[in-house]
Amino acid sequence: MTITGNIESIEYRNTAGHEKKVVTIIPDHRQRAFVEFRGRKMDDLHGLKENDEIQVSVMLEGKISKNSGIQYNNFVAQNVMQVIR
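Residue numbers (full-length UniProt numbering): 1 to 85.
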């Protein structure tokens, strides 16, 4: 799956030793997508900043929390490139 839109924010997160960057992308003016960049994929964000237009290939990862049983989905980045117009 591919998502194209403008970067609203890039946030670094470290939860229990699991590092990632979460990029908020606005594909259009009414929606937002939160894409996780983990491990070496975090390096792919070097040089990108807020308001840059990007295209991200993502993998959908569904999980069930072991503690609460809550079901949720994550978009995990596979590839990213800046869109130049």
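We put the beta carbon where it would ideally sit given N, CA and C, even for glycine.
Residue nearest to residue i in terms of C-alpha spacing, selected from the options
i	options	result
Val83	Glu19, Gln71, Gly47, Phe34	Gly47
Phe75	Thr15, Ile10, Val22	Val22
Arg13	Ile3, Pro27, Thr4, Phe37	Phe37
Tyr72	Val35, Glu61, Thr2	Glu61
His18	Lys66, Arg85, Gly39, Val80	Gly39
Arg85	Ser57, Asn67, Glu53, Met59	Glu53
Glu8	Thr2, Pro27, Ala16	Pro27
Glu50	Val80, Asn79, Asn6	Asn6
Range covered by the beta strand (DSSP E) that runs through residue i
i	result
Ser9	2-15
Ile84	Note, Ile84: premise wrong, no beta strand (DSSP E); not H, not E.
residue 135	Lying before the first or after the last residue shown, residue 135 is absent from the chain, which here runs from 1 to 85.
Leu60	53-64
Glu19	18-26
Counted within 10 angstroms of its Cβ, other Cβ atoms place residue i as buried (16 or more) or exposed
i	result
Ala77	buried
Ile70	exposed
Ile64	exposed
Lys20	buried
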